[in-house]
Structure formats: C-alpha cells, structure tokens
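Quick note: the sequence shown uses the working numbering, first residue 1, plus one each step. Report on the following structure.
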Amino acid sequence: MKVTKCSIIEFRKQFDSDASCLAYLANQKWGDGYNCRKCKHPEYKKGDMHIDRRCKKCGYNESPTSNTLFHSIKMPLTIAFEMLFRISVNKKGISSIALSREYGVNQKTAYHFRQKVQDGMKSSGKHPLTGIVHVDEFVYGGQDEGCPGRSSESDKLKISVAVEIINDEKTVKQLMGRAYAMSIQNYSHAELGKIFEKHISKEAKSGNG
1 MKVTKCSIIE FRKQFDSDAS CLAYLANQKW GDGYNCRKCK HPEYKKGDMH IDRRCKKCGY
61 NESPTSNTLF HSIKMPLTIA FEMLFRISVN KKGISSIALS REYGVNQKTA YHFRQKVQDG
121 MKSSGKHPLT GIVHVDEFVY GGQDEGCPGR SSESDKLKIS VAVEIINDEK TVKQLMGRAY
181 AMSIQNYSHA ELGKIFEKHI SKEAKSGNG
C-alpha cells in the first residue's frame with residue numbers, strides 16, 4: 001500500500017468502508033493484469049466472494065487481501081488501513097498500546113499488526129544506490145562529554161548513512177532519493193566500507209566532494 005501525503009480526514013474519505021479498501025487492494029494487485037499466483041494463467045472467473053478471482057485453469061481462488069498485510073486480520077479493514085496510515089506517517093512512532101486504545105482493538109492484535117507493517121516497510125536491500133550518493137556517519141543520541149568529534153570511545157550507537165541525490169529537472173533542484181543506514185562498530189576504513197559494499201553501486205559517484 002502506498003501512503004501519500006494527506007490529512008487523516010482525507011484518508012478517511014478515501015477509505016470509508018471495507019468495500020473501498022478491498023477495491024483499492026484489488027486495483028493494486030490486478031490493475032496491470034491478472035496472472036494466477038500458482039500457475040501464472042492469465043484468465044480468471046468470479047471467485048468465492050464477489051471481488052475474488054478464481055483461475056480458469058487450476059481453480060485457485062485469490063482474494064484482494066491474500067498475501068498482503070491484511071490477510072486474516074481480526075479487525076475491520078477500515079481500522080487496519082487507518083492504523084497503517086498512522087504508523088507510516090508518525091515520525092516518532094506509535095505504540096501498540098496507543099493503537100489499541102484509539103481504535104478499540106485487542107493490544108496483542110495491535111502489536112502483531114504493527115509488527116507486520118514494520119516488517120513490510122523494511123527494504124530488501126537488493127537495489128543499490130546509483131548516480132550521485134552522499135555518505136556520512138553520526139552518533140545516535142549526540143556526542144558524549146569528553147569525546148570530541150567522532151570519537152570511537154563513545155558507547156552510543158554509531159551509524160553510517162548513504163543518500164541518493166536526484167536532480168529534479170522541473171525545479172532544477174537536487175532532491176533526496178533512496179537512502180540506507182546501518183550500524184557500525186567504529187570509524188575504521190573496514191567498518192565504513194560496509195555500506196559501500198552492501199548498498200552502493202560500483203558505478204555510483206561520490207557527492208561528498
């Protein structure tokens with residue numbers, strides 16, 4: 001599910017019923033054409049439910065929610081969609097307890113759904129950064145007293161980050177594209193080189209000057 005910038009009121013207008021949620025999922029899944037998940041056959045007929053699709057060849061029935069975050073959830077789709085929206089746009093995060101209280105669902109249910117969303121948001125790491133890439137490192141939580149600069153003596157979490165820079169032809173500005181971050185043990189050449197090996201294409205150009 002792609003979450004765009006909009007207010008919670010606009011979001012609720014777009015997804016005001018389980019039917020609208022199912023229609024959205026169906027369009028995301030089959031909008032570019034149908035192919036059976038099991039046998040890849042391109043033709044289907046009406047499935048068990050009115051919006052399901054059943055393969056004409058092998059008979060496999062697929063619903064819009066199957067193989068998605070919303071498969072077998074124990075809450076209305078409208079609530080699940082809004083919970084996903086809140087988790088995605090809240091920069092400081094939102095606890096399962098807060099979700100449970102706000103939406104009237106079991107705390108364990110909120111916890112497991114929140115975990116599924118967070119797992120789904122993780123990158124596969126299979127698409128290295130290309131073009132111009134900026135690389136930097138920092139200490140999470142700020143510097144320790146008595147540890148000047150980027151001292152390796154700090155016990156705080158050290159992180160290296162790589163950001164892809166995109167040239168926007170319309171605004172003639174440089175925008176931030178994809179990014180990767182990873183924890184490092186220290187600031188040695190070997191540790192700093194890990195993000196280059198794992199997440200940056202060999203054809204990429206340094207934007208650090």
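Glycine is no exception: its CB is placed at the ideal position from the N, C-alpha and C atoms.
* Using DSSP with H/G/I as helix, E/B as strand and the rest coil, what is Ser183? -> Residue state, collapsed to three classes: strand.
* the segment 106-117 in contact with the segment 30-42 per 3-pair CB rule at 8 angstroms -> As far as the Cβ criterion goes, the segment 106-117 does not touch the segment 30-42, which means the pair count is below three.
* Asked: In the structure shown, what three-state DSSP assignment does Ser17 receive?
  -> Residue state, collapsed to three classes: coil.
* Report the three-state DSSP secondary structure of Asn167 (helix, strand or coil). => The answer is strand: DSSP assigns Asn167 an E or B state.
* Just reading off the alpha helix (DSSP H) that Val117 is part of, what are its end residues? -> First-last of the alpha helix (DSSP H) with Val117: 107-120.
* Asked: Between which two residues does the beta strand (DSSP E) containing Phe138 stretch?
  -> Element bounds for Phe138: 132-139.
* Outcome for Tyr140 when other beta-carbon atoms lying within 10 angstroms are tallied against a minimum of 16 -> Exposed, since its Cβ has fewer than 16 Cβ neighbours within 10 Å.
* To do: Go ahead and pull the three-state DSSP assignment for Glu191.
  => DSSP places Glu191 in the helix class (H, G or I) of the three-state scheme.
* To do: Would you mind working out which of Lys57, His112, Asn106, Arg86 sits nearest Ser7, comparing C-alpha positions?
  => Per the Cα distances, Arg86.
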